[in-house]
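Structure first, then comments.
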Amino acid sequence: MIESVLVANRGEIALRVIRGARELGIRTIAVFSEADRDSPHVVQADEAVLIGPAAASRSYLDIGRILGAARAARAAAIHPGYGFLAERADFARAVADAGLVFVGPAAETIGAMGDKTEARRRMAAAGVPVVPGTTAPLASGSEAREAATAVGFPVVLKAAAGGGGKGMRVVRRLDEVAAGFEAAAREARAAFGDGSVYVERFLERPRHIEVQLFGDGFGNVVHLHERECSIQRRHQKLIEEAPSSLLTPAERREMGEAAVRAARAVNYIGAGTVEFLHQDGEFFFLEMNTRLQVEHPVTELVTGVDLVEWQFRVASGGALPMRQSEIPLRGHAIECRITSESPFEGFLPATGTVRHLAIPGGPGVRWDGGIRVGNEIGLHYDPLLGKLIAAGPDRESAIRRMRRALAELSIAGVSTGTPLLRRILDEPDFLAGRLSTAYLTEHPELFDSDLGDASRTAAVAAAVLLEHERRATVPAPRIPGDGARFSDWRAGTAPWVAPIPDGNG
Amino acid sequence: MIESVLVANRGEIALRVIRGARELGIRTIAVFSEADRDSPHVVQADEAVLIGPAAASRSYLDIGRILGAARAARAAAIHPGYGFLAERADFARAVADAGLVFVGPAAETIGAMGDKTEARRRMAAAGVPVVPGTTAPLASGSEAREAATAVGFPVVLKAAAGGGGKGMRVVRRLDEVAAGFEAAAREARAAFGDGSVYVERFLERPRHIEVQLFGDGFGNVVHLHERECSIQRRHQKLIEEAPSSLLTPAERREMGEAAVRAARAVNYIGAGTVEFLHQDGEFFFLEMNTRLQVEHPVTELVTGVDLVEWQFRVASGGALPMRQSEIPLRGHAIECRITSESPFEGFLPATGTVRHLAIPGGPGVRWDGGIRVGNEIGLHYDPLLGKLIAAGPDRESAIRRMRRALAELSIAGVSTGTPLLRRILDEPDFLAGRLSTAYLTEHPELFDSDLGDASRTAAVAAAVLLEHERRATVPAPRIPGDGARFSDWRAGTAPWVAPIPDGNG
Amino acid sequence: MNRRGSRYVVCLAGETHDVVVGVDGKVVIDGTTHDVSLSGRGPARMRTLILDGKPRAVYAGRRTGGLWELGLDGEFVSAEVMDARAARVRALSAAVGSERGPADLKAPMPGLVVQVAVETGEIVGPGAAVVIVEAMKMENELRAPAAARVERILVAPGEAVEKGQILVEFGEVEPQ
Amino acid sequence: MNRRGSRYVVCLAGETHDVVVGVDGKVVIDGTTHDVSLSGRGPARMRTLILDGKPRAVYAGRRTGGLWELGLDGEFVSAEVMDARAARVRALSAAVGSERGPADLKAPMPGLVVQVAVETGEIVGPGAAVVIVEAMKMENELRAPAAARVERILVAPGEAVEKGQILVEFGEVEPQ
């Protein structure tokens, strides 16, 4: 087993990786930006290195600083988490060149799969079904228009270097193609430093189903069944589950085998995911993510496998500890992403200081979080605060458990998407498993921001009792001859001003 | 399924039961004393009823008030949790007489097993091995002396109505018997309202192994394997695990079958536990607990069974959902009890206000807690703040996970036993599974309260930086001609005193 | 305060409620009597509200004067509590009307202006993209709330903006 | 404060440490130089201390003057921080000695007195049970710290006692 690892990430995934490494006795080195001095991942590591200012480009995305920190802490390996540098072939290569172990696949694999058009070519060649579209990056808006016309509308313009829903634009009409191309390219440049964009047929109501893969250096490749991630907004996953409520055992086997074929085609080593879109009984290769996914815990809960442990075992030169036939599939698990966003205001990013945090507990509930009380939630990074995961013997019990857990989750000081998640977990189509990536747009009623009569009455009662209590505790001084009260003197900026005695008190 | 349930308890177990009921769609009614207005179990229930002042005798132990609350809330059933009224036959009878479902065994079963001497008689008759001792309560100190002499020293004097380590005294010499008898009787009267005491041979270094049982109203009785609870102090369990690292599969089967025999002998319905002491290859019946145990989560984690769900199913008239052969035993689970005690000061009860609470998360970790930030921890109730549970594929991985989880657990404002637990999880005998109920007394080195050099340096550095920062933030006014500083003016009781300008500043 | 209770007016989400707080745990909201208790004054600012037997955790946030920020089940609302006299004063001053055109475009969150899609004097339709602001690496199109004329553009691409900052001032669309 | 850093004396668990806080993130403790940073001033009172690259969460509790209650990994210690001048004053006043007999018996926790096992004037041996206090339904025997004479009994069975309250005053055992 490797002796030590630097975790080149932040937030919940950095903490997840540190937890896994600690359990294996691997010395852990956290890195952090100036904005993350008080993040939980820092204190849970054995060592911590400040790598730069808040801007990711000068900290978590700065390969030189990451490698410098690894050298200073004499790290034997680097785990990239997801996002940031996780799918940058140049980073994987630089890590290897520095004589360190990169916990992930080979740089060539990352490069091949990171270039989405190259990936499509390789997959088609390996006999994996792909969505109709272009196989080369588009040079201009006008080339995009031609390609889109050939593929047939609607189409989606996608960053070749992309992932996580960034740098994507759905276009339904020819006259929107050029603007969509430019927006996707701009976002792609900002997010990935590469503005290449290609075009694909846009499936209107597909289900997003992906297969978890693992390969080792001995030619073994297995899949750990599928996850369904159809509940998305703006191509960002919101709720994920394992297994998919759609697939029959035969389809599960077929999709798993296609994914293994895809992995073998690129000599895959480590953890990876093949994403498929499933519509009308067909499924198509969407992309391959050459890293741990955000939603990996649902797979861990239905298989009993610790995916981070497997990553470290394979990175240390070990073989996969299970064969395909030995990998269990037990029960059902659901994950809700808890993000700092206001879902009823168009998912506006929310900021603030975490003032209160109550984490759900009890049977079948897992919290993978990256915040603590006192943390400032800013706009520098991804809005993912944590993931709430619930498991049960079947989908219905997992849903009931998740509903209970969401009712317990309490975060104050920053708005989160929790109220929307609670509504989805009560919505009949979701309960019946009638899912698609269009689910949220087809359920606008979930976004009514009405508090409801009971909550309104409760809020009125709470407010009036709080104010009543405050006035009873702090006698409000009355200025003679004036009806106004200095009822807020305590909140003022002059704490030494003594209350003026109230002659009528 | 029953429509509603009143949970006649507080703290973590009330929350556990409410969680289970909510997941089944059962309306939940919490009760609370004036000391528990802000306890988490209150807000997680659908309804909440104040039942009296802090003193348990006038709230959680007051049968009339509990039944009154059940009537007011139109509860269909009452779940007693553990402790308080859980093993009071008169309570079970009063609940039934009020026309409500008691979530637990019949009053007669509770009565028979609650009287420890009667239980010993019944078990011996059913062919379950019992520890040598008396089968009738002792009338006086002198009768105790006679009985102890007959059984042979060392002996243990035990409350017939007891449980949870209360009302117990180990006596090693004849001249200590009378005092031990009186102390045990006094504690028993205070804790259970019944001062009956009996005597048993005291096993010096036994292992405490218990079997989880379940019976339904259709004659089915199954066991859910064993738990080992050998790490105890003053007969209070501190760490529990499942399965026991001692038993062979054959011994596991033998003990399980003995427990099922015990349950059948009393027509057991619901969840129960048969406790055994295991020493030198033999095991003896210790007692039967006719309720859910504190340590039930370790069984849930190795079997996948939700024991509270089963309780509600059986109480609703359902049959057990599994046969003996269908009950899994997968992996290993460990529970650490987190109590408000100072282990390095003789387990003195600690009090305070919870100022900070960081709950461990990530894979394989469960927290069953009953506190939130802001709660006052007083002396009215049991010191159990919560339970930290970790599971893994084997004992070693569960221990590594628990170690990691204990490192993450952070409670401020009240002292807990966490530092001791961390040491036990590193101690070679514990790691090797060399356990006995004498473990803690045989490892006095665990109680050295030395901070260690690294922590001492860290504390010095933190203190000096805090003070340095405070002085930089609040310029300490200097009184001319005097060396002293009013460095603590901000903490004083006169917030309106303005700082005296510092001529030298 | 008098023997029969204290009267308040509570403004919440645009609606006004008359409330009387009794001395016996009773609160009358818009004529309906409720049993209410509110406990907890710890460092966490979480309170336990029991309203007619139904318990809820309520977060009581930042206050100035009678203004409270409340969190119920993860939704946050502001409530203003006034005594009867203050409410009357407020009602009188509010009677002085205001004439208003289309609302100006404000930044709904802090971020970076990526693009300004309009020019001064331009007439935009309802829902037209006006400014693109990037926050958390996502582009957010800010659209015109109604048909309007672009009166003044106050930001340029590359500029960082605060939440609530006015980006573009609109005027009425008049026949030219 | 001077250019070369600020000098402090820190008392922790009965030991005294000389500390110099530099202006560059360096702290010299008893002559050894450490790289230290301490961040976080949020509502939770949790701070992140990084000492020579090793991070730790530190709880910074209640303070009066230079007194800090610190929580490290669930263990709580008190530290008193004095500047050099205050430390000298303290050292001088401490030089005035005190004459002491056996420590009095104090309640180590709040609870209820169940039994007083001694009488005034009685001579007790070290470890002898003196008072039984019940807390959290468990009886706790409080024992004599050393051989002593019971000078005065200040509590009776049934009485509630506070933590730190003196229960029994002891005197020296003298030949009678």
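Protein chains in written order, with numbering that gives the first Met the number 0: chain A, 0 to 504; chain B, 0 to 504; chain C, 0 to 175; chain D, 0 to 175.
The C-beta atom is built at its ideal place from N, Cα and C for all residues, glycine as well.
Predicted model only: the values in this text are computed from it and were never measured.
Counting contacts by CB-CB distance shorter than 9 angstroms, is G170(C) in contact with chain A?
Not a single C-beta of chain A is nearer than 9 angstroms to the C-beta of G170(C).
Please list, in chain order, the chain A residues whose beta carbon lies closer than 7 angstroms to that of E407(B).
What E407(B) touches in chain A: Q43.
Supposed contact pair R322(A) and V210(A) - C-beta distance, whole angstroms, cut 8 angstroms
About 17 angstroms separates the two Cβ atoms, so there is no contact after all.
Counting only the same chain and skipping the five closest in sequence on each side, list residues whose C-beta sits under 6 angstroms from that of V364(A).
Within its own chain, the residues whose Cβ lies closer than 6 angstroms to the Cβ of V364(A), once the five positions on either side in sequence are excluded, are A389, A404, listed in chain order.
Which chain D residues are close to A182(B), counting only those with a beta carbon under 7 angstroms from its beta carbon?
Residues of chain D passing the Cβ test: E138.
Going straight from the alpha carbon of F275(B) to that of L60(B), what length do you get?
So the two alpha carbons sit approximately 28 angstroms from each other.
Below-9 angstroms beta-carbon distance, A29(B) vs any chain C residue:
Yes, because at least one Cβ of chain C sits closer than 9 angstroms to the Cβ of A29(B).
DSSP-derived helix/strand/coil call for T133(A)
Shown here, T133(A) sits in coil according to DSSP, grouped into three states, outside any helix or strand.
Have a look at R99(C) and A183(A) and give me their C-alpha separation to the nearest angstrom.
In this predicted model, R99(C) has a pLDDT of only 47, less than 50, meaning its place in the structure is not dependable enough to derive any value.
Using Cβ-Cβ distances below 7 angstroms, what residues of the region 53–77 of chain D are close to chain A?
Residues of the region 53–77 of chain D with a C-beta less than 7 angstroms from any C-beta of chain A: K53, P54, R55, A56, listed in chain order.
Looking at the C-beta of T32(C), does it have a partner C-beta in chain B at a distance below 9 angstroms?
Output row for T32(C): interface = no.
Looking at P392(A) and G330(A), is the spacing between their C-beta atoms short of 9 angstroms?
In contact: G330(A) and P392(A) (Cβ atoms closer than 9 angstroms).
Cutting at 6 angstroms between CB atoms, please list the residues of its own chain near V273(B), excluding the five before and the five after it.
Excluding residues within five positions, the ones whose Cβ falls inside 6 angstroms are V210, A258, A261, M287.
Partner residues on chain B for T47(C), Cβ-Cβ distance less than 7 angstroms
At a beta-carbon threshold of 7 angstroms, the residues of chain B lying near T47(C) are R36, D37, V41, V42, ordered along the chain.
Listing by chain order, which chain E residues have their CB less than 8 angstroms from the CB of I358(B)?
Among the chains of the structure shown, chain E does not appear; the protein chains present are A, B, C and D.
Out of D82(D), V57(D), G52(D), K105(D), state which residue places its alpha-carbon closest to the alpha-carbon of V9(D).
For the residues D82(D), V57(D), G52(D), K105(D), the minimum Cα distance to V9(D) belongs to D82(D).
Please classify G480(B): does DSSP put it in a helix, a strand, or coil?
Here G480(B) scores only 37 on pLDDT, less than 50, and its place in the model is too uncertain to base an answer on.
Residues that DSSP places opposite T32(D) in a beta bridge:
Partner(s): V27(D).
Does DSSP put A471(B) in a helix, a strand or coil?
For A471(B), the secondary structure class from DSSP, reduced to helix, strand or coil, is helix.
Q310(B): first and last residue of the uninterrupted alpha helix (DSSP H) it sits in
Taken as a continuous stretch (DSSP letters only), the alpha helix (DSSP H) holding Q310(B) covers 306–314.
If the cut is a Cβ gap below 8 angstroms, which residues of chain A does R44(C) touch?
Residues of chain A passing the Cβ test: R354, H355, A411.
Name, please, each residue of chain A whose Cβ falls closer than 7 angstroms to the Cβ of S38(D).
Listed along chain A are R36, D37, each with a C-beta nearer than 7 angstroms to that of S38(D).
If we count the other Cβ atoms within 10 Å of its Cβ and call it buried at 16 or more, is R73(B) buried or exposed?
So R73(B) ends up on the exposed side.
Pick out whichever of G369(A), P320(A), E325(A) has its Cα sitting closest to the Cα of T338(A).
The shortest Cα separation from T338(A) among G369(A), P320(A), E325(A) belongs to G369(A).
Out of L69(D), G73(D), A86(D), state which residue places its alpha-carbon closest to the alpha-carbon of H16(D).
For H16(D), the nearest C-alpha among the options comes from A86(D).
Report yes or no: do three or more beta-carbon pairs, one from the region 406–417 of chain A and one from the region 350–357 of chain A, lie closer than 8 angstroms?
Because the criterion of three Cβ pairs below 8 angstroms is met, the region 406–417 of chain A and the region 350–357 of chain A touch.
Near-chain B residues of the region 10–25 of chain A - C-beta to any C-beta below 8 angstroms:
From the region 10–25 of chain A, only L14, R15, R18, G19, R21, E22, L23, G24 have a Cβ closer than 8 angstroms to chain B.
Taking only the alpha-carbon atoms, compute the straight-line gap between I25(A) and S243(B) and give it to the nearest angstrom.
Answer to the nearest angstrom: the Cα atoms are 28 angstroms apart.
CB-CB under 6 angstroms to E14(D), same chain, minus the five flanking residues each way: which ones, in chain order?
In its chain, beyond the 5 residues on either side, no residue has a beta carbon closer than 6 angstroms to the beta carbon of E14(D).
Could you tell me whether the Cβ of M0(A) comes closer than 9 angstroms to any Cβ of chain D?
No - not a single Cβ of chain D is within 9 angstroms of the one on M0(A).
Name, in chain order, the residues that DSSP records as bridge partners for Y7(D).
Here Y7(D) is bridged, per DSSP, to V18(D), D82(D).
Counting C-beta neighbours from all protein chains within 10 Å, is the total for D215(B) 16 or more, i.e. buried, or is it exposed?
Under a 10 Å Cβ-count criterion, D215(B) is classified as buried, with 16 or more other Cβ atoms of the shown protein chains found around its own Cβ.
Step through the CB atoms of chain D and report whether any lies within less than 9 angstroms of the CB of A189(A).
No, because no Cβ of chain D sits closer than 9 angstroms to the Cβ of A189(A).
First through last residue of the alpha helix (DSSP H) which encompasses L291(A)
Run containing L291(A): none; DSSP gives neither H nor E here.
Under 8 angstroms Cβ to Cβ from V301(A), same chain only, skipping five residues before and after it: list those, please.
Excluding sequence neighbours, V301(A) sits near H224, A241, P242, P327, L328, R329, G330, H331, A332, A390.
Residues of the region 304–322 of chain A with a CB closer than 7 angstroms to any CB of chain B: list them in chain order, please.
Result list: D305.
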